[in-house]
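Here is the structure we will look at.
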Amino acid sequence: MAALSGSGGLGQCGHMRRSDRYRGRAVRTGRGKSLHDALNALPAEELRSVIAEALERQGEGARGSIEDALLRRVAAAGAGKESAASLSAKVDAVERFAAAAQRVGCADPSEVDDALRQGITASLAGDHATACAIFRALLLPISNADIDLGQDELAEEVLSVDLHDCTTRYLAAVYMTTPVAARADAIAAAIDEANGVSYFSDPVEELQTALGGTLPDMDVFLSAWISRLERDAKPASLWESKKERWLRAAIGRRDGIAGLERIARTTKRPEAVQAWCEAVKAAGDRSKMLRAYETGAALVTSRGWRGNFLDGAALAAQLLGRKDANKKLEAAWLGAPSLTRLLRWLLAGERTSVMVRKRAASALKASPTKSPRLVGFLHILVGDIEPAAMRLARAPGLGWSSGDHPGHLLFPVFAWMLGGAPKGSVRAQLAQVLLQPLDLEDDAGFALLDLEDDAGLALLDEVGTEQDAGPRLSTPSVIDALQRAEVTRHLTAQERGVALTAMKAAATKRTDGVLGEKRRRHYGHAAALVACCVELEDVTGRASSASPWAEALRARTSRFPAFQEALRAPLAQARRGTGSVDNPGTRFHHAAVKAGRTWTETEEDDT
Numbered sequence: 001m002a003a004l005s006g007s008g009g010l011g012q013c014g015h016m017r018r019s020d021r022y023r024g025r026a027v028r029t030g031r032g033k034s035l036h037d038a039l040n041a042l043p044a045e046e047l048r049s050v051i052a053e054a055l056e057r058q059g060e061g062a063r064g065s066i067e068d069a070l071l072r073r074v075a076a077a078g079a080g081k082e083s084a085a086s087l088s089a090k091v092d093a094v095e096r097f098a099a100a101a102q103r104v105g106c107a108d109p110s111e112v113d114d115a116l117r118q119g120i121t122a123s124l125a126g127d128h129a130t131a132c133a134i135f136r137a138l139l140l141p142i143s144n145a146d147i148d149l150g151q152d153e154l155a156e157e158v159l160s161v162d163l164h165d166c167t168t169r170y171l172a173a174v175y176m177t178t179p180v181a182a183r184a185d186a187i188a189a190a191i192d193e194a195n196g197v198s199y200f201s202d203p204v205e206e207l208q209t210a211l212g213g214t215l216p217d218m219d220v221f222l223s224a225w226i227s228r229l230e231r232d233a234k235p236a237s238l239w240e241s242k243k244e245r246w247l248r249a250a251i252g253r254r255d256g257i258a259g260l261e262r263i264a265r266t267t268k269r270p271e272a273v274q275a276w277c278e279a280v281k282a283a284g285d286r287s288k289m290l291r292a293y294e295t296g297a298a299l300v301t302s303r304g305w306r307g308n309f310l311d312g313a314a315l316a317a318q319l320l321g322r323k324d325a326n327k328k329l330e331a332a333w334l335g336a337p338s339l340t341r342l343l344r345w346l347l348a349g350e351r352t353s354v355m356v357r358k359r360a361a362s363a364l365k366a367s368p369t370k371s372p373r374l375v376g377f378l379h380i381l382v383g384d385i386e387p388a389a390m391r392l393a394r395a396p397g398l399g400w401s402s403g404d405h406p407g408h409l410l411f412p413v414f415a416w417m418l419g420g421a422p423k424g425s426v427r428a429q430l431a432q433v434l435l436q437p438l439d440l441e442d443d444a445g446f447a448l449l450d451l452e453d454d455a456g457l458a459l460l461d462e463v464g465t466e467q468d469a470g471p472r473l474s475t476p477s478v479i480d481a482l483q484r485a486e487v488t489r490h491l492t493a494q495e496r497g498v499a500l501t502a503m504k505a506a507a508t509k510r511t512d513g514v515l516g517e518k519r520r521r522h523y524g525h526a527a528a529l530v531a532c533c534v535e536l537e538d539v540t541g542r543a544s545s546a547s548p549w550a551e552a553l554r555a556r557t558s559r560f561p562a563f564q565e566a567l568r569a570p571l572a573q574a575r576r577g578t579g580s581v582d583n584p585g586t587r588f589h590h591a592a593v594k595a596g597r598t599w600t601e602t603e604e605d606d607t
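Quick note on numbering: the sequence shown equals residues 1 to 607 in the UniProt record's numbering.
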């Protein structure tokens with residue numbers, strides 16, 4: 001680190017190319033044993049020379065990683081102990097370098113890497129005073145943007161060291177060099193100082209990790225830390241702030257499940273209730289787990305969170321083998337209606353077609369939701385096709401990723417009902433979302449069919465955080481429900497026609513919607529819907545060698561060449577995958593579609 005030992009040279013102020021910092025060499029396969037033998041055969045001095053030579057050939061990223069590993073091994077082994085004078089000189093050099101960098105406003109990232117590695121080495125060696133001084137000299141001005149390292153946004157872009165590790169070690173050094181009575185205030189101040197460099201989910205846990213185990217004087221610190229956070233953690237919004245989360249974690253660490261329950265009941269914040277319920281679940285007492293989740297559902301006001309806790313209660317009832325487990329699933333569906341919860345309840349216990357239809361009829365009568373897709377799906381299960389078709393036909397062409405839009409559910413359901421999902425067909429692709437068991441809250445899985453910009457985020461509205469590990473409720477697929485309800489068994493020709501007409505209306509609206517807004521990312525989706533309808537015309541026996549409906553739609557959109565291009569492949573796939581008679585006209589049709597010509601041109605060629 002020559003720049004730091006001299007007059008504080010600042011190199012090229014961070015203008016090193018990013019590719020140089022992350023360049024590495026690929027490791028060839030099949031050389032492990034021979035390399036291991038060679039390393040064992042080399043004398044120590046020769047091995048040092050090889051390592052030094054190899055380091056010189058590495059890019060900054062790979063070299064920094066190897067250097068970090070070497071320095072950590074040395075520090076952990078207690079080797080290379082330095083005198084107090086030597087350590088003081090290093091701290092002085094880093095502080096001079098940091099001061100010079102702040103004066104000019106920039107620094108070479110490689111020199112900052114070298115300085116921070118000295119802090120890491122000191123931390124690993126247990127020299128917390130040196131580590132604290134080095135980290136404070138550099139992390140604070142980097143956090144305050146007083147030193148520009150040449151990054152576009154984050155300092156991690158140009159530094160090889162792990163900044164979060166450095167910041168955590170800085171907190172650990174502050175902890176170890178501060179008197180017991182002042183540690184809580186010192187840690188709070190250090191976190192505020194380094195706020196622009198790193199984010200802490202739970203500072204106490206981070207401190208324990210950095211110090212390799214339990215914190216010295218943990219009980220005294222926790223009490224002071226909790227008192228400090230109780231003064232600072234004032235509710236400011238509907239969501240739990242980071243200091244409220246730190247407070248909850250600290251109380252849970254000190255007081256256990258009882259402390260988490262107290263916070264949950266007092267604050268009624270969903271995150272606090274969830275932490276309590278998960279702690280009870282992890283403890284393994286399923287009776288207490290049931291009571292905790294039921295209490296949690298009563299404490300929160302958000303529908304999405306309430307649904308999560310009702311799900312937890314249903315899971316506990318299943319694990320306990322209770323007779324009312326199915327009732328708990330029904331309560332979850334009624335309390336926070338979603339397709340996931342509906343499917344769980346519909347196919348719980350007895351799975352006969354009579355029972356599934358009976359439950360679907362009961363759900364329609366209870367009317368816990370006005371969602372067009374859920375209501376339409378229930379109508380299909382009870383065999384009432386026209387109301388479901390009406391909801392699909394009347395749905396807008398945009399907003400398919402909305403949680404209430406019926407298109408992303410009812411369209412593939414109708415496609416499957418009318419023609420199944422044979423391999424290689426267009427409808428098989430659209431039906432994929434129906435074949436997979438749902439395992440995402442609020443049915444976000446259906447957003448896979450089509451996402452409109454950020455509208456898919458609406459599917460996650462009011463939904464809690466990712467579930468914890470352990471037992472979980474299983475969820476059947478939409479196809480499971482359709483098959484159990486035997487929806488195709490009594491499907492009449494008239495109902496088939498109604499369904500296909502609704503699908504064509506939806507495909508037309510979708511096409512007009514995406515073309516009207518020039519949403520090119522969704523041209524392919526609209527084209528797949530059109531092709532699916534063409535494919536089903538043959539399946540239902542309503543198609544001739546050409547589709548007047550599709551031809552009219554294609555002619556009307558001829559001024560959109562990108563959409564015309566998007567139509568070619570799915571239309572060709574639709575004609576190949578229907579199993580229709582391969583007559584000469586059809587062969588001409590296939591060739592014409594691949595060539596991008598219209599069906600009218602195909603008919604003329606055939607004539």
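All residues carry an ideal CB built from backbone N, CA and C; glycine is no exception.
Query raised in the report: So does the stretch 205-212 actually touch the stretch 142-157, counting three or more Cβ pairs closer than 8 Å?
Result: no
Query raised in the report: Looking at the unbroken alpha helix (DSSP H) that takes in F411, where does it start and where does it end?
Result: Within the sequence shown, the letter at position 411 stands for residue 411. Note, F411: alpha helix (DSSP H), 407-419.
**Report entry** Limits of the unbroken alpha helix (DSSP H) element including N326
**Finding:** Here residue 326 is taken as the residue at index 326 of the sequence shown, counted from 1. Segment 325-335, the alpha helix (DSSP H) holding N326.
**Report entry** Bounding residues of the alpha helix (DSSP H) (the contiguous stretch that carries A283)
**Finding:** Residue numbering aside, residue 283 sits at position 283 when the sequence shown is read from its first letter. That run of the alpha helix (DSSP H) goes 270-283.
Query raised in the report: Cβ atoms of L374 and L347: under 9 Å apart, would you say?
Result: In the sequence shown, residue 347 corresponds to position 347, counting from 1. In the sequence shown, residue 374 corresponds to position 374, counting from 1. Taking 9 Å as the Cβ cut-off, L347 and L374 do not qualify as a contacting pair.
Query raised in the report: Is A555 buried or exposed, if buried means 16 or more other CB atoms sit within 10 Å of its CB?
Result: Locating residue 555 in the sequence shown gives position 555, counting from the first residue. Under this definition A555 is an exposed residue.
Requested in this report: Could you check the C-alpha separation between V514 and G524 for me, to the nearest Å?
Outcome: For the purposes of this step, residue 514 is taken as residue 514 along the sequence shown, with counting starting at 1. For the purposes of this step, residue 524 is taken as residue 524 along the sequence shown, with counting starting at 1. Going from the Cα of V514 to the Cα of G524 covers about 10 Å.
Query raised in the report: Between A41 and L47, what straight-line distance do the alpha-carbon atoms span, to the nearest angstrom?
Result: Counting from 1 along the sequence shown, the entry for residue 41 is found at position 41. Counting from 1 along the sequence shown, the entry for residue 47 is found at position 47. If you take the alpha carbons of A41 and L47, they lie about 9 Å apart.
Query - Residue interval of the alpha helix (DSSP H) (run including N308) - result: By one-based count along the sequence shown, residue 308 stands at place 308. Here the alpha helix (DSSP H) through N308 covers 303-320.
Query raised in the report: To the nearest angstrom, how far is it from the Cα of T266 to the Cα of S198?
Result: For the purposes of this step, residue 266 is taken as residue 266 along the sequence shown, with counting starting at 1. For the purposes of this step, residue 198 is taken as residue 198 along the sequence shown, with counting starting at 1. Cα-Cα distance, rounded: 31 Å.
Query raised in the report: Would G349 be called buried (16 or more neighbouring beta carbons within 10 Å of its own) or exposed?
Result: Translated into positions along the sequence shown, residue 349 becomes position 349. Classification for G349: exposed.
Report task. Excluding the 5 residues preceding and the 5 following A332 in the sequence, name in chain order all residues of the same chain whose CB lies nearer than 7 Å to its CB. Result -> Residue numbering aside, residue 332 sits at position 332 when the sequence shown is read from its first letter. Result list for A332: G307, L310, D311, A314, R341, in chain order.
**Report entry** Nearest-angstrom Cα separation, counted from E495 out to A389
**Finding:** Taking the first residue of the sequence shown as position 1, residue 389 is located at position 389. Taking the first residue of the sequence shown as position 1, residue 495 is located at position 495. About 9 Å.
Query - Secondary structure, alpha helix (DSSP H): runs of 4+ residues fully inside the stretch 487-563 - result: 493-516, 523-539, 548-556
Report task. Report all residues from its chain with a CB closer than 6 Å to the CB of Q151; omit the five preceding and five following residues, and keep chain order. Result -> Your numbering for residue 151 matches position 151 in the sequence shown. E157, V158, listed in sequence order.
Query raised in the report: For D127, which three-state DSSP category applies?
Result: Taking the first residue of the sequence shown as 1, we reach residue 127 at position 127. The answer is coil: DSSP assigns D127 none of H, G, I, E or B.
Query raised in the report: Looking at the structure shown, is D148 part of a helix, part of a strand, or coil, going by DSSP?
Result: Walking along the sequence shown from the start, residue 148 turns up at place 148. Reduced to three states, the DSSP call for D148 is strand.
Report task. For my contact list, I479 and L435 are in at a C-beta cut-off of 8 Å; report their separation, rounded to the angstrom. Result -> Reading the sequence shown from its first residue, position 479 is the one you call residue 479. Reading the sequence shown from its first residue, position 435 is the one you call residue 435. Contact holds; Cβ gap of about 5 Å.
Query - Short Cβ contact (9 Å threshold) for V91 with A133 - result: Counted from its first residue, the sequence shown places residue 91 at position 91. Counted from its first residue, the sequence shown places residue 133 at position 133. Yes, the Cβ-Cβ distance between V91 and A133 is below 9 Å.
Query raised in the report: From D285 to W345, what distance separates their C-alpha atoms?
Result: Here residue 285 refers to the residue found at position 285 when the sequence shown is read from its first residue. Here residue 345 refers to the residue found at position 345 when the sequence shown is read from its first residue. About 25 Å.
Query raised in the report: Ordered along the chain, which non-local residues of its own chain (more than five positions away) have a Cβ less than 6 Å from that of R559?
Result: Taking the sequence shown and counting its residues from 1, the one referred to as residue 559 is at position 559. Result list for R559: empty, nothing under 6 Å.
Query raised in the report: Shortest alpha-carbon distance to A190 belongs to which of G420, V94, L139?
Result: Numbered from its first residue, the sequence shown carries residue 190 at position 190. Ranking the options by Cα distance to A190, first place goes to L139.
Requested in this report: To the nearest angstrom, report how far apart S287 and A316 are at their CA atoms.
Outcome: Sequence index remark: in the sequence shown, residue 287 carries index 287 (1-based). Sequence index remark: in the sequence shown, residue 316 carries index 316 (1-based). Rounded to the nearest angstrom, the two C-alpha atoms are 7 Å apart.
Query raised in the report: How many Å lie between I142 and S110 at the Cα?
Result: Reading the sequence shown from its first residue, position 142 is the one you call residue 142. Reading the sequence shown from its first residue, position 110 is the one you call residue 110. For I142 and S110, the distance between alpha carbons rounds to 14 Å.
Requested in this report: May I have the straight-line CA-CA distance separating L163 from D192, to the nearest angstrom?
Outcome: Position 163 of the sequence shown, counted from the start, is the residue given in the question as residue 163. Position 192 of the sequence shown, counted from the start, is the residue given in the question as residue 192. C-alpha separation (whole angstroms): 15 Å.
Query - Assigned exposure category for V174 - 16 Cβ within 10 Å defines buried - result: Indexing the sequence shown from 1 puts residue 174 at position 174. It counts as buried.
Report task. Take D148 as the anchor and find which of A129, R103, L473 has the nearest alpha-carbon. Result -> Position 148 of the sequence shown holds residue 148. Nearest C-alpha to D148: R103.
Query - Option nearest L500 by Cα separation, candidates W416, Q483, A129 - result: Numbered from its first residue, the sequence shown carries residue 500 at position 500. Answer by Cα proximity: W416.
Query - Counted within 10 angstroms of its Cβ, other Cβ atoms place T352 as buried (16 or more) or exposed - result: Walking along the sequence shown from the start, residue 352 turns up at place 352. By the 10 Å Cβ count, T352 comes out exposed.
Requested in this report: With a threshold of 16 other CB atoms inside 10 Å of the CB of V463, please say whether the residue is buried or exposed.
Outcome: Counting from 1 along the sequence shown, the entry for residue 463 is found at position 463. Note that V463 scores 36 on pLDDT, short of 50, meaning its location in the model is unreliable and no value can be drawn from it.
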